[in-house]
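Enquirer:
Residue numbers (this note's numbering): 367 to 719.
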C-alpha cells in the first residue's frame, strides 16, 4: 500500500535536524528547513509501509511530530503564512528566552537579541501556525502570531524626513495624521497601503511600520468606583491591587494597569473593563530609545555591574556617585531589563524618554 509521511510540526526538533535530513536525502538544507517551519508538509510520498514506518521512527527520534497517511486518508496541508513575535511578562527571563529562541531558530544568541530589539520583536516570518504552536511550548516568552496581509498597521512618518508631502499621504490613506513630538502617526492602515508607503519612502528612512497584532502597549486606568463591587473585584483579583490602597490609587489616577503587553490582549482587556464600567484606554509609546536615571545609589558595585552589561565602560557611574543618568540611549527592552535588575539593589532607578 502506498504511504505518505507528513511532518505535522517541528515539535521538539532543532534546526540541526534539517542537516541530518539534508544529508540523508541529498537535498538542500534550506528546502528541509522550509518543510519544517511551514509544516504540515509532505516529506515522502508513495512509499511502502515498511519504509514509511522507518522514516516515522527516525523523524520522531529527531524530535519531529510526524504521521503516516495512506492513499485512502484525507490529507489537509492548508495553512497560512504567519509572522511570529514574542513578548515577556517577566523581563528577568530575557537571557533564558534568548537561549531558547537561539536553539529553536538555529542561530547565535546575539542574532536573537537583535531580532528582539526590533519594535515589534518579530523573530520568524512566513512560517506556519504549527511552528508558532511548537515555539510556544518551548519558550518562557509569550508567542504571538498573525497573517501580516490581514493585519492593521500603525505608520510613523518622521518629522525630520525630507520630501514627504503629508497631505498627499493623508489623501492616499484617507486618514488624518496624529501629531506627536517626533512623528506623524496613522493607525489602522491596511497591509496594501502600508506597503505602498514603505516602497515609496523607505529609501530615506522616513517611514516606520508597526504591525498592530505584534505591537506592545500599556493599558491605562482612568477611572473606577471604589464602592462598586465589580470594580473592586476586578482590580483585586485580576490586576492584583491590594484592596486597602484602592482609595489612594483612585486619588492618583490615571495610572498604568499593565505595561508592555500585546495589543490584541490589551484590546480584549479593554473590552472586559468596558463591560463592567471601568474607564480604561490603550496607550502607545512611539519613542523606541530610552535612557536610565538612578538616584540614591548605595550599592555602587552592583549597580555598575548591572549597567555594564549594556552600557559602555566610559559611560558608567563614576566612583562614589550617588546619582547617574545615561548619556547613550538604549532600546526599550534593554532599558526594562536593566531597570528590573536595578530594582533589586539599593537605589532608585527609572526609565526616561
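No residue lacks a Cβ here, since even glycine has one placed at the ideal position from N, Cα and C.
Label residue 393 either buried or exposed according to how many other C-beta atoms from any shown protein chain fall within 10 Å of its C-beta, with 16 as the threshold for buried.
Expert: exposed
Enquirer: Rounded to whole angstroms, what's the CA-CA distance from residue 476 to residue 655? Just pull it up for me.
Expert: 19 Å
Enquirer: What's the gap between the Cα of residue 566 and the Cα of residue 583?
Expert: Computed Cα separation, rounded: 28 Å.
Enquirer: Could you check whether residue 551 and residue 532 sit closer than 8 Å to each other, using their CB atoms as the reference points?
Expert: no
Enquirer: Considering only C-alpha positions, which residue in the set 411, 517, 460 is nearest to residue 506?
Expert: 460
Enquirer: If you draw a straight line from the C-alpha of residue 564 to the C-alpha of residue 539, how long is it?
Expert: 13 Å
Enquirer: Ignore the nearest five residues each way along the sequence and tell me which others in residue 486's own chain have a CB closer than 7 Å to its CB.
Expert: If we look at residue 486 and ignore the five residues flanking it on each side, its Cβ neighbours are 451, 576, 577, 580, 581, 582.
Enquirer: Please classify residue 643: is it buried, with 16 or more other beta-carbons within 10 angstroms of its beta-carbon, or exposed?
Expert: exposed
Enquirer: Among 444, 387, 468, 465, whose alpha-carbon lies nearest the alpha-carbon of residue 421?
Expert: 387
Enquirer: With residue 497 and residue 376 assumed to form a contact (beta carbons below 8 Å), what rounded beta-carbon distance in angstroms separates them?
Expert: 6 Å
Enquirer: Let me confirm a value: residue 447 is counted as buried when at least 16 other C-beta atoms fall within 10 Å, else exposed. Which label applies?
Expert: exposed
Enquirer: Once the 5 residues before and after residue 689 are set aside, which same chain residues still bring their CB inside 7 Å of it?
Expert: Cβ neighbours of residue 689 beyond the five flanking positions: 660, 661, 663.
Enquirer: Within this structure, are the beta carbons of residue 464 and residue 371 separated by less than 8 Å?
Expert: It is not a contact, given that the beta carbons lie outside the stated cut-off.
Enquirer: State the Cα-Cα distance for the pair residue 406 and residue 442, rounded to the nearest angstrom.
Expert: For residue 406 and residue 442, the distance between alpha carbons rounds to 8 Å.
Enquirer: Express the C-alpha separation of residue 692 and residue 673 in angstroms, rounding to a whole number.
Expert: Approximately 10 Å, taken between the alpha carbons.
Enquirer: So residue 715 and residue 699 are supposed to be a Cβ contact under 8 Å. How far apart are they, rounded?
Expert: About 16 Å; that fails the 8 Å criterion.
Enquirer: Would you grab the beta carbon distance between residue 378 and residue 429 for me? Rounded to a whole angstrom, and I think it's under 8 Å.
Expert: Sure, about 4 Å apart at Cβ, within 8 Å.
Enquirer: In whole angstroms, what separates the C-alpha of residue 534 from that of residue 553?
Expert: 16 Å
Enquirer: For residue 530 and residue 536, I'd like the C-alpha separation in whole angstroms.
Expert: 11 Å
Enquirer: Please specify which runs of the alpha helix (DSSP H), each continuous and at least 4 residues long, are wholly inside the segment 628–678, giving them in chain order.
Expert: Along the length of the segment 628–678, whole alpha helix (DSSP H) runs at least 4 residues long occupy 629–641, 666–673, reported in chain order.
Enquirer: DSSP state of residue 616, grouped into three classes?
Expert: helix
Enquirer: For the alpha helix (DSSP H) that contains residue 384, what are its first and last residues?
Expert: 382–391
Enquirer: Using 10 angstroms around the beta-carbon of residue 488, count the other beta-carbons present and answer buried if the total reaches 16, otherwise exposed.
Expert: When all chains shown are included, residue 488 counts as buried.
Enquirer: Helix, strand or coil for residue 486 per DSSP?
Expert: coil
Enquirer: Identify every residue that forms a DSSP beta bridge with residue 410.
Expert: 371
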